[in-house]
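Asker:
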Amino acid sequence: MEKMFCYQCQETAKGTGCTLKGVCGKEATTSNAMDLLLYSVKGISYLTTLLRKNNKSFDSQRINRWIQDALFSTITNANFDEESIKGRIAQSVQIREELKTICIRENITIPAHKELHWNATADEYDLLANTIRSIKAESEDIHSLMQLTLFGLKGMAAYAEHAARLGYTDDSIDAFIQSTLALWLDNKLSTEEWIALVLETGKYGVKTMALLDKANTETYGNPELTEVSLDVRNRPGILISGHDLKDMEELLEQTKNTGVDIYTHSEMLPANYYPKFKKYDHFVGNYGNAWWKQREEFTSFNGPILFTTNCIVPPLKNATYKDKVFTTNATGYPGFKHITTDNNGKKDFSEIIALAKTCEAPQSIEKGTLVGGFAHHQVLALADKVVDAVKQGAIKQFVVMAGCDGRMSARGYYTDFANELPKDTVILTAGCAKYRYNKLNLGDISGIPRVLDAGQCNDSYSLAVIAMKLQEVFGLDDINDLPIVYNIAWYEQKAVIVLLALLSLGVKNIHLGPTLPAFLSPNVLNVLVENFGITGISDVKNDMENWISA
Ligand code: SF4
Ligand code: SF3
16 MEKMFCYQCQ ETAKGTGCTL KGVCGKEATT SNAMDLLLYS VKGISYLTTL
66 LRKNNKSFDS QRINRWIQDA LFSTITNANF DEESIKGRIA QSVQIREELK
116 TICIRENITI PAHKELHWNA TADEYDLLAN TIRSIKAESE DIHSLMQLTL
166 FGLKGMAAYA EHAARLGYTD DSIDAFIQST LALWLDNKLS TEEWIALVLE
216 TGKYGVKTMA LLDKANTETY GNPELTEVSL DVRNRPGILI SGHDLKDMEE
266 LLEQTKNTGV DIYTHSEMLP ANYYPKFKKY DHFVGNYGNA WWKQREEFTS
316 FNGPILFTTN CIVPPLKNAT YKDKVFTTNA TGYPGFKHIT TDNNGKKDFS
366 EIIALAKTCE APQSIEKGTL VGGFAHHQVL ALADKVVDAV KQGAIKQFVV
416 MAGCDGRMSA RGYYTDFANE LPKDTVILTA GCAKYRYNKL NLGDISGIPR
466 VLDAGQCNDS YSLAVIAMKL QEVFGLDDIN DLPIVYNIAW YEQKAVIVLL
516 ALLSLGVKNI HLGPTLPAFL SPNVLNVLVE NFGITGISDV KNDMENWISA
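Numbering (this note's numbering), first residue to last: 16 to 565.
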């Protein structure tokens, strides 16, 4: 019996959808609350779009941020806290009514769509969510394209939220997110129009990642070649995970001279590459691996952990670290303490710091260092060296192995693939996918490391900038004439927007794994295969033979 339905991530049950409980650990009632929240966000988006069309003003700054957060909270492994999702649903009704009041005042007719008028008590949310879930688009293909768009928008909203945290916003991005969500209410688009909108979503994905890149680099400097320590010191520490650099900065500031060290986990590793963070002596390095290893690694870390964004793994019942985990921004988990922003836009991490002081120092689980910091600025600074290496044949191919990591054993493929690559290939990476091969010591080519890590998943933008620069240097008409192979791993919806962004830039023949998205109908998949040459992966030997020049 279906109690929920979700198929937004790569881990979806049986490859078709989670129906009783998420493989990720999401409860059915939480999933349903997220569905209702999205339903309500679509209603709000309809109203903001209506107001924009009529040139009427509303508090767009606040509402844009609210929508970004609401979408972000429904991303895989971001928020498991049903109460906080229900809180957002209640807020959504207030915002909707506020917008309706403006429409009435301005003599704008409000249509009868249910999204604009529903009301329910918290006890009725689950039932209502079940009713709206049964509403499907007129065809399987349109439904599939709508889901592809929606998941891309979630990733885009997350990146827009990261940028907004640093004071960088662009109303055209929010207006696009909202006008696209508004289409759910009076969906009149044909299959072809939805396909065009998918590409348009990718275009806005590029714009959003560029905005975030600007926000990050203008605030913290350009990432630079860095050796990151993997070992520990003998003082208590705080582990910070997720993608939010603003939280990183505030935590480093507040822990200055407290005797507490700071370590990054998973997607926060690239914080080590930013000049502005290097000035903190108590910023030690990175501890552990990708998000899915957190149960073991949080246990041996001994100190508190701060989640600034996805990915959270539900802790086991007897987990020793359970009472030491804190969440902030769109993340949440029942029982984890949530830290909010005060009226001055600041966060108070004193409780985490006080707790850290009572904890033992982290247990060492690795020695040595990792090299990273190859975002566009650093790579372009090395451009002459890279171009020479290509011209002399020392570098034959680049392989983009960006994206997400995950716990499925099939992802061992990426370790084997990296290991098997010929020594004249260079891996370009971003996102947590790199943890499958970034500690293999793959060596270098004339001083250029064979794994160039640009940063977080959003720094895939850097990889696109690098590709476009190489295209220009080599005087090529088509970006696909570059010696670059794309072998991308996906897991959640940030990877969906990265994929759509690459497609909108004209990148073809992307190999996507470890499995193709369940939300692509056979026909939609066909369109992606025929127009963009997207394929899945098979096995290392085969793929190596087919994609890598001898
Ligand atoms: Fe299942 Fe993924 Fe949805 Fe979680 S996010 S419920 S694992 S499809
Ligand atoms: Fe990773 Fe969750 Fe996607 Fe940012 S942290 S890439 S999976």
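By construction, the Cβ of each residue, glycine as well, lies at the ideal position given by its N, Cα and C atoms.
Taking the CB atoms as reference points, tell me whether cysteine 188 and isoleucine 82 lie closer together than 8 Å.
Answerer: It is worth fixing the name first, because residue 188 is isoleucine in this sequence and not cysteine. Contact: no.
Asker: Please report the straight-line C-alpha distance between isoleucine 463 and lysine 556, rounded to a whole angstrom.
Answerer: About 26 Å.
Asker: Roughly how many angstroms lie between the CA atoms of methionine 19 and alanine 43, to the nearest whole one?
Answerer: Each residue's alpha carbon lies about 5 Å from the other.
Asker: Quickly, what does DSSP pair lysine 362 with across the bridge? List them, please.
Answerer: Paired residue(s): Thr356.
Asker: For leucine 245, which of helix, strand or coil comes out of DSSP?
Answerer: Coil, per DSSP.
Asker: Rank Met49, Ser244, Glu26 by C-alpha distance to the C-alpha of threonine 380 and give the top, closest one.
Answerer: Note that residue 380 is isoleucine in the sequence shown, not threonine. Closest option to isoleucine 380, Cα to Cα, is Ser244.
Asker: As a quick exercise: from Cys472, Ala179, Glu239, Ile157, pick the residue whose alpha carbon is nearest that of tryptophan 209.
Answerer: Measuring from the Cα of tryptophan 209, the nearest candidate turns out to be Ile157.
Asker: Between the segment 294-301 and the segment 265-279, do at least 3 Cβ pairs fall closer than 8 Å?
Answerer: Touching, yes, given that three or more Cβ pairs across the two stretches are closer than 8 Å.
Asker: Give me the Cα-Cα distance between aspartate 74 and alanine 533, rounded to the nearest whole angstrom.
Answerer: Their backbone Cα atoms lie some 37 Å apart in a straight line.
Asker: Under the criterion of a Cβ to heavy atom distance below 7 Å, does valine 38 qualify as lining the ligand SF4?
Answerer: Yes - the ligand SF4 has a heavy atom lying nearer than 7 Å to the Cβ of valine 38.
Asker: Please identify the residue among Thr342, Pro238, Phe316, Val328 whose C-alpha is closest to the C-alpha of lysine 293.
Answerer: With distances taken between Cα atoms, lysine 293 lies closest to Pro238.
Asker: At which residues does the beta strand (DSSP E) containing tyrosine 450 begin and terminate?
Answerer: Where tyrosine 450 is concerned, there is no enclosing beta strand (DSSP E), given that its DSSP letter is neither H nor E.
Asker: Determine, using beta carbons only, whether alanine 469 and alanine 448 come nearer to each other than 8 Å.
Answerer: No, the pair does not count as a contact, with Cβ atoms beyond the cut-off.
Asker: Following the continuous alpha helix (DSSP H) through glycine 521, name the residue where it begins and the one where it ends.
Answerer: Here glycine 521 belongs to no alpha helix (DSSP H), and DSSP marks it neither H nor E.
Asker: Looking at C-alpha atoms only, which residue of His353, His132, Ile410, Glu265 is the closest neighbour of lysine 438?
Answerer: Of the listed residues, the one whose Cα sits closest to lysine 438 is Ile410.
Asker: Just the C-alpha distance for aspartate 84 and alanine 175, rounded to the nearest angstrom, thanks.
Answerer: Going from the Cα of aspartate 84 to the Cα of alanine 175 covers about 10 Å.
Asker: Taking one C-beta from the segment 494-505 and one from the segment 413-429 each time, how about it: are there three or more such pairs within less than 8 Å?
Answerer: Cβ pair count under 8 Å is three or more, so yes.
Asker: Quick check on the DSSP output: what are the complete alpha helix (DSSP H) runs of length 4 or more inside the segment 44-94, in order along the chain?
Answerer: You should have 75-87.
Asker: Could you round the C-beta distance between isoleucine 117 and lysine 71 to whole angstroms and report it? I think they count as a contact, below 8 Å.
Answerer: About 6 Å; that satisfies the 8 Å criterion.
Asker: For leucine 331, count the other beta carbons within 10 Å of its own beta carbon; 16 or more makes it buried, fewer makes it exposed. Which is it?
Answerer: Label assigned to leucine 331: exposed.
Asker: Pick helix, strand or coil for leucine 266, following the three-state DSSP scheme.
Answerer: Correct three-state label for leucine 266: helix.
Asker: Could you tell me which uninterrupted alpha helix (DSSP H) segments, each at least 4 residues in length, are contained entirely in the segment 141-208, listed from first to last along the chain?
Answerer: Segments of the alpha helix (DSSP H) lying fully in the segment 141-208: 155-180, 186-197.
Asker: Is cysteine 472 helix, strand or coil when you go by DSSP?
Answerer: Helix at cysteine 472.
Asker: Let me confirm a value: valine 544 is counted as buried when at least 16 other C-beta atoms fall within 10 Å, else exposed. Which label applies?
Answerer: Per the 10 Å Cβ criterion, exposed.
Asker: Name the two residues that bound the continuous alpha helix (DSSP H) containing tyrosine 501.
Answerer: That residue, tyrosine 501, is in no alpha helix (DSSP H); its beta strand (DSSP E) goes 499-504.
Asker: Out of Cys21, Lys382, Tyr22, Glu26, which one is the CA nearest neighbour of serine 424?
Answerer: Answer by Cα proximity: Glu26.
Asker: Are the segment 208-227 and the segment 368-382 in contact at 8 Å, needing three or more beta carbon pairs?
Answerer: Short answer: they don't touch.
Asker: Restricting to runs no shorter than 3 residues, where is the beta strand (DSSP E) found entirely within the segment 523-562?
Answerer: Runs of the beta strand (DSSP E) inside the segment 523-562: 525-528.
Asker: Please classify aspartate 338: does DSSP put it in a helix, a strand, or coil?
Answerer: Note: aspartate 338 maps to helix in three-state DSSP.
Asker: Going by C-alpha to C-alpha distance, which of Ala137, Leu168, Asn69 sits closest to arginine 120?
Answerer: Answer by Cα proximity: Asn69.
Asker: Helix or strand or just coil, what does DSSP make of tyrosine 219?
Answerer: DSSP places tyrosine 219 in helix when its eight states are reduced to three.
Asker: Reducing DSSP to helix, strand and coil, say where threonine 343 ends up.
Answerer: Correct three-state label for threonine 343: strand.
Asker: Buried or exposed: leucine 198, going by 16 or more other Cβ atoms within 10 Å of its Cβ?
Answerer: Counting Cβ neighbours within 10 Å, leucine 198 comes out buried, since at least 16 surround it.
Asker: Which class does valine 394 belong to by DSSP, given the choice of helix, strand or coil?
Answerer: It is helical.
Asker: I'd like the list of long-range same chain contacts for tyrosine 428, defined as Cβ closer than 8 Å, with 5 residues on each side in sequence excluded.
Answerer: Within the same chain, tyrosine 428 has close Cβ partners Gly528, Pro529, Ile552, Asp554, Val555.
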